[in-house]
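**Q** Residue numbers (this note's numbering), protein chains in the order written: chain A, 392 to 654; chain B, 655 to 1219; chain C, 7 to 330. This structure is in structure tokens; I'll ask about it shortly.
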Amino acid sequence: MKICCLVKEVPDAAVQKRIDPETKRLDRSGEKNLNPFDTHALEEAMQIREGGAVQVDEIVAVTMGPESAQRALHKAVALGADRSVHLTDPALAGSDVNATGYALAQVLKAEQPDLVLLGQQSDDGECYTIGAVVADHLQMPSLTQVINIEVADGKLVCERQAEYGYDTVEVELPAVISVGDAINEPRYPSLKAIMGAKKKPLDTKAAADVGIDPSQVGEEGSKTRVLAINPPPAKEPGEIIEDEDTNETVEKIVAWLEERKLI
Amino acid sequence: MAVAPSEFPPPFDPADYVVPPTDPPEERLEAGIVIVGGGPAGLACANRIMQRLADEPELAEALGEIPVAVLEKGKVCGAHNVSGANMRPSAMRELFPDLDESEWPVYQKVEKDAVYLLTKRHAIPLKPPPPNFRNHGNYITSVSKLSRWLAEKAEEAGAYILTETVADKLIVEDRIVRGVRSGDKGRGRDGEELSNFEPGSDLIAKATVLAEGTIGHLTQCAVQYFGIEGDPPRWEIGVKEIWEVPKPLDRVIHTMNWPLRKSPKYNEFGGGFIYPMGEDKLCIGFVVGLDTTDATFSCHDALQQLKTHPFIRKILEGGKRVGWGAKTIPSGGYWSMPRKLAVPGMVMAGDCVSMVNVPYLKGIHYAMHAGIYAADAIVDALKEDPESVNFSAYEEKVRNSVIEKDLYKARNVRQYGDKGFFAFGAIANAWLLSGGVLPPGHKRTEPDADVEVFEGNARDSYPEPDGEYIFDKLSSVYLSGNATRDDAPNHVRVQQRVPREVALSWVSMCPAQVYEIPEDQLESNSPVVDVHVTASNCVQCGAITAKGGRFTPPEGGDGPLYQET
Amino acid sequence: MAGILVYALHDDEGNFNKNSLGAISEAARLAGEIGGEAAALVVGDVSDDAAASLGNYGAKRVFRAKSVPEGLAQPIVDAMAKVIKDEGFNYALFGGGLLGFEIGAGLTARLNAGVTMEVTAVKAQDGKLVAERPVLQDSAVVDVGYVSDPGIIIGRLNAWSPQETGGGAAEVVDVDVELSPWSTKARMVKRGEQRGADVNIEDADILVGGGRGLGDKDAFKLVEDLAEVLGGAVAATRAVVDAGWYPYSAQIGQTGKTVAPRLYLACGISGAIQHKVGMQNSENIVAINKDPNAPIFEFCDLGIVGDLHKIVPKLTEAIKAKKG
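And the structure:
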């Protein structure tokens, strides 16, 4: 079985973020890190390999991003991926969700994986969607919010969180699975793995190398435009009650809750 | 009631951190040269080694796949660095002679200097500024920014920068340093192994460079092991904020006196600084010795108090706080340096061996010079004999350099800080006028923790946080980018039950609110109290080691993510 | 017919999801502004009456794909794509929720469209829809426009409340959907299993949080009792979890969980930033704290300055009485 893990480099959660007023996009110039949710995907790939239910021949980390995204790949490899693929091309800059998903699908088509794993959301705002977009372009079944995977005979039995509780779903391979952070506890890379990361094969691919149609990606190929950035709507200051007569105070609270249909 | 924190030593034994190899030989990792610490000293060393190796192909081969490995406990190099700073350019010029200064990671060259004596309401300029405050010709930089830049350069040149990696133990065999052991990851609050526990590894090298900075964990353990201690180390603590301001600042400012108290009873030695950072930012900070006697004295709050001065308000007007950081500065100077800077297999450079000139507030260029000397000494020695462990040439280089010269001149100044403002002023003048000949002799430094503390009333003057101009510690910790996991093992070693005064001194000293006394014990005035430690708040400033406890390395990657401090 | 198609999720008993109803109401409002109709799509065995009832929220027509199973995204993508193409809808709207994201995303790929998610508001501008979404931990809001038809809008949880518009019964139109080959490769084995014991606080509609102000571990009983009568779950601040008063799984804040329930009732919580970032998106924040200067009073909707040990038990009683 070949597993591809889609990973993404995102601004470190601890860095104060801001929007670049020029491009109206997230200012990504600060510290970057491997998307924490993707570490769960990598861990899951490792657990499937170590679990023994199926033979995993290769775990490949795949990312789309500028040159600095290589760091995310080094980290992914330190966490267990055997090699990595870096899709990078100026033509891809400014791609929206659909364009990104399409581009990633093209890279994945070249790899022909049996299973694609990724974190279901990222720290920079894109959430729960990339997996489904990639899957549709690849014409593979997909699930998100998955918190448990069992592998058996070319099929996956997944548990996932949904509106009404937990669903158990059987999925045929090849498939695209987006995992939630409840799925596992990612391991720490050993010093040996970190030191050896740069030596693992890293293939760099441009858009043309994987047959990406340039009109479908980048700023030009994106179907949404950010029109404006505004400060958040001013929140009405709350009502403050000083408790003197507790019975009265409690009545007021109950009335307030009722008014808003909270009880 | 006055008590010395040193009477309650922490449950810590430095001998635990100097060990033989743990892993079997086939599992030990190897690098040519291991550098502990990704700050200016360590990275200057890494850069210099790679520069030399470009001309020494045989040695490069002998050093193996990983010629230089820099171990950095922060998320990135620079994540744990805090400074002023007005850097002297000599070291940058020595390391990158062909690089134009327009490419240096600095904000600007210092044009104007000003020193103000503050009283509660006034700011009296001292003209001309005393010589130790004259920075014309120096460059304003941030060590956090500088380290990131140096790391990038080192990596481009082929060094391996291993971030989120702690050097936990020193590996020594037959009294020769063989490398370091990295820290474990995945332990719980009480040190138990969690499901994703990953033990550290032995990293063996031909040469080890300790460039750990002010905390100097392995350095102190090594110095004790090899019996080469100088005077006891001591520290100041600095807290700094970065502000975006509408009005650019046109000068480097240092302040003296207020809000510190002049009486020798309080032993408050230090001052404030305000440095421009380009057109739209500046930094404002406060530095105080950790040998203060009032257990309620808090450097973070003194900085907040400083900001209430009308002169300062004018400078910060219309601005917004965008950064915060805190760290200790080694203040022992010349006499606190270990008697030897090199032992078989290892050398030590920078803040971890007190290479800081406190009266002049200079340390960065000394650290970088030392890193360069270390690189040269090691390369020269290994070039002749790849199995050599004799790096004593490093010591010679340091002793013949500006490091020795400048630190020797300032050797007896800081120790008189406990004489109070006026007496100290007189001594400082004598020192300046005599060009460092006075004060004479060897004025021994005393450990900060030996100073007795009492419950005074410093806290009565601290302003209340308002979240806009005056800030509390917790929101500051948040701003530092500290995202340490809450169940991380407790890396702070202190006695859990101590006299009230000692506990209070830790509570006040700590800029990150790591220490707390249970409210009921605080209110009931019990003479002996419990100390509760919230280790995940820790921004790794190192102050607790000065004040009677002990900072041990936490998990790699924990702590703040300073950007421009 | 130009307009907005809304996906209406329902459970196995045929009850429609509140967020879907909210989305239909919103679509009706927007269709009124830009012209066109608001319509809904349902899948599975939905009765005529149930489907038609969506008209009460403003749906003019309800497309029903009986043979498409509910609960898995990809077959529903097939259904929505077909109806959008056949009928020419300009926008697809989803009312927040996990399945909505998945379907919206798959639909985006299928129709090569633009998508905006976590949308908190939609406005009409020059005959087109512009979606607003918060970014950077809610410190800014961006306006996003669509370059081509259709545009996909996925709402944030609880962005829109159901409004009955008195529109009368909707016309129910049955559609036959051919499923893509990959849509049949996932099979629902068991749907909607409740896992009572460890309620995931991230899913709770109502949370009652306890902080330092509780004073000691035993006082958490007050929080638990109040949570029970409100039908909610218990959350805790980092400080009390650290002190061992409550387990880490309930922790909200900087390195704990982030929640956005309809109601967050904070008892003895100061509202320091490490906790604030974990719950500031709650729809309604009520705070009880004896310190009038506690930061939480600056961002709560209702703040009570008083002793929680007195107030909380009485509040619990009063709510129990109301609920009868």
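Cβ atoms here follow ideal geometry from the backbone N, Cα and C, with glycine treated the same way.
When you compare each of A:ASP600, A:SER459, A:PRO623 and A:GLU630 to GLU502 (chain A) by their alpha carbons, which one comes out closest?
**A** Of the listed residues, the one whose Cα sits closest to GLU502 (chain A) is A:ASP600.
**Q** Alpha carbons only, please: which of B:ILE1198, B:ARG1204, B:PHE1205 and B:GLN1194 is nearest the one belonging to GLY1211 (chain B)?
**A** Per the Cα distances, B:GLN1194.
**Q** Using the Cα positions of ALA949 (chain B) and VAL1156 (chain B), report the straight-line distance between them to the nearest angstrom.
**A** C-alpha separation (whole angstroms): 7 Å.
**Q** One question on the structure: do VAL863 (chain B) and MET1002 (chain B) come within less than 9 Å of each other, judged by their Cβ atoms?
**A** In contact: VAL863 (chain B) and MET1002 (chain B) (Cβ atoms closer than 9 Å).
**Q** Can you name, in chain order, every residue of its own chain whose Cβ lies under 6 Å from the Cβ of SER569 (chain A), other than the five neighbours on each side?
**A** The answer, listed in chain order, is LEU509, GLN511, GLY522 and THR535.
**Q** Once DSSP output is grouped into helix, strand and coil, what is the label at PHE787 (chain B)?
**A** It is helical.
**Q** Would the beta-carbon of GLY718 (chain B) fall within 9 Å of that of GLY686 (chain B)?
**A** In this structure, GLY686 (chain B) lies closer than 9 Å to GLY718 (chain B) by Cβ.
**Q** Run through DSSP, which three-state label would ASP84 (chain C) get?
**A** ASP84 (chain C) falls in the helix class under three-state DSSP.
**Q** Hey, is LEU236 (chain C)'s beta-carbon within less than 9 Å of any beta-carbon in chain A?
**A** It does; some Cβ of chain A falls within 9 Å.
**Q** Report the neighbours of THR819 (chain B) on chain A: residues whose CB is nearer than 9 Å to its CB, in chain order.
**A** Neighbours of THR819 (chain B) on chain A, chain order: LEU582 and ILE585.
**Q** Any beta-carbon of chain C closer than 9 Å to the one on LEU1128 (chain B)?
**A** Yes, its Cβ sits closer than 9 Å to a Cβ of chain C.
**Q** At 8 Å on the CB atoms, spell out the chain A contacts of SER276 (chain C), in chain order.
**A** Residues of chain A passing the Cβ test: none, with the nearest at roughly 15 Å.
**Q** Give a yes or no on whether the C-beta atoms belonging to TYR1020 (chain B) and ILE983 (chain B) are separated by under 9 Å.
**A** Going by C-beta atoms, TYR1020 (chain B) is not nearer than 9 Å to ILE983 (chain B).
**Q** Quick one: list the residues of chain A neighbouring ASN850 (chain B), beta-carbon separation under 7 Å, in chain order.
**A** Correct list: GLU576, PRO577, ARG578 and TYR579.
**Q** So for LEU864 (chain B), helix, strand or coil by DSSP?
**A** The answer is strand: DSSP assigns LEU864 (chain B) an E or B state.
**Q** If contacts are defined as beta-carbon pairs under 8 Å, then ILE394 (chain A) and ASP487 (chain A) qualify, I think. What distance do you get, rounded to the angstrom?
**A** So it is not a contact: roughly 27 Å between Cβ atoms.
**Q** For TRP889 (chain B), write down the residues that DSSP places opposite it in a beta bridge.
**A** Paired residues: B:PRO984.
**Q** Consult DSSP for MET437 (chain A) and reduce its assignment to one of helix, strand or coil.
**A** The answer is helix: DSSP assigns MET437 (chain A) an H, G or I state.
**Q** With 9 Å set as the bound, which would you pick, yes or no: does the beta-carbon of ASN489 (chain A) sit closer than that to a beta-carbon of chain C?
**A** Closer than 9 Å: yes.
**Q** Since GLU865 (chain B) and CYS699 (chain B) should fall inside the 8 Å C-beta cutoff, what is the C-beta to C-beta distance between them, to a whole number of angstroms?
**A** The identity of residue 865 (chain B) in the sequence shown is Ala, whereas the question assumes Glu. With 8 Å as the limit, ALA865 (chain B) and CYS699 (chain B) qualify as a contact, their Cβ atoms being about 6 Å apart.
**Q** By the DSSP assignment, the alpha helix (DSSP H) with SER744 (chain B) in it spans what residues?
**A** Counting along the chain, the alpha helix (DSSP H) containing SER744 (chain B) begins and ends at 744-749.
**Q** For the segment 983-1050 of chain B, which segments carrying the alpha helix (DSSP H) assignment without a break, of at least 4 residues, lie completely within its bounds, in sequence order?
**A** Taking only runs of at least 4 residues, the alpha helix (DSSP H) segments lying wholly in the segment 983-1050 of chain B are 987-990 and 1018-1038.
**Q** Can you pull the chain C residues whose beta carbon is under 9 Å from the beta carbon of ASN638 (chain A), in chain order?
**A** Near ASN638 (chain A) (Cβ distances below 9 Å), the residues of chain C are LYS320 and ALA324.
**Q** Secondary structure at TYR879 (chain B), three-state DSSP: helix, strand or coil?
**A** In this structure, TYR879 (chain B) counts as helix in the three-state DSSP scheme.
**Q** Would you say HIS1019 (chain B) lies against chain C (beta-carbon separation less than 9 Å)?
**A** Chain C contact via Cβ: absent.
**Q** Does the count of Cβ pairs from the segment 812-820 of chain B and the segment 756-766 of chain B closer than 8 Å reach three?
**A** No: fewer than three Cβ pairs fall under 8 Å.
**Q** Any C-beta of chain A within less than 9 Å: which residues of the segment 121-144 of chain C qualify?
**A** From the segment 121-144 of chain C, only VAL121, THR122, MET123, GLU124, THR126, ALA127, GLN131, VAL136, ALA137, GLU138, ARG139, PRO140, VAL141, LEU142, GLN143 and ASP144 have a Cβ closer than 9 Å to chain A.
**Q** Can you give me, in chain order, the residues of the segment 610-635 of chain A that have a beta carbon less than 9 Å from any beta carbon in chain C?
**A** Listed by position, the residues of the segment 610-635 of chain A near chain C (Cβ gap below 9 Å) are SER613, LYS614, THR615, ARG616, VAL617, LEU618, ALA619, ILE620, ASN621, PRO622, PRO623, PRO624, LYS626, GLU627, PRO628, GLY629, GLU630, ILE631, ILE632, GLU633, ASP634 and GLU635.
**Q** Step through the CB atoms of chain C and report whether any lies within less than 9 Å of the CB of ASP604 (chain A).
**A** So no, ASP604 (chain A) is outside the interface.
**Q** Is it buried or exposed, LEU856 (chain B), if we count other Cβ atoms within 10 angstroms and call 16 or more buried?
**A** One point to set straight first is that residue 856 (chain B) is Asp, not Leu, in the sequence displayed. Buried is the call here.
**Q** Taking a cut of 9 Å between CB atoms, which residues from the segment 420-449 of chain A lie near chain B?
**A** Those residues of the segment 420-449 of chain A that come within reach of chain B (Cβ to Cβ, closer than 9 Å) are GLY421, GLU422, ASN424 and GLU434.
**Q** Quick check on this structure: which residue in C:THR114, C:ASP132 and C:VAL128 has the alpha carbon closest to the alpha carbon of ALA526 (chain A)?
**A** Looking at the Cα atoms, C:THR114 is the closest of the given residues.
**Q** Compare the beta carbon distance of ASP544 (chain A) and MET194 (chain C) with 9 Å and say whether it is the shorter of the two.
**A** In this structure, MET194 (chain C) does not lie closer than 9 Å to ASP544 (chain A) by Cβ.
**Q** Which whole-angstrom value is the C-beta distance of ALA192 (chain C) and PRO532 (chain A), which I expect to be below 8 Å?
**A** Contact flag correct, Cβ pair sits at about 4 Å.
**Q** So for TRP912 (chain B), helix, strand or coil by DSSP?
**A** Coil, per DSSP.
**Q** If contacts are defined as beta-carbon pairs under 8 Å, then SER798 (chain B) and GLN1217 (chain B) qualify, I think. What distance do you get, rounded to the angstrom?
**A** Between GLN1217 (chain B) and SER798 (chain B) the Cβ distance is about 6 Å, and since that is below 8 Å, they are a contact.
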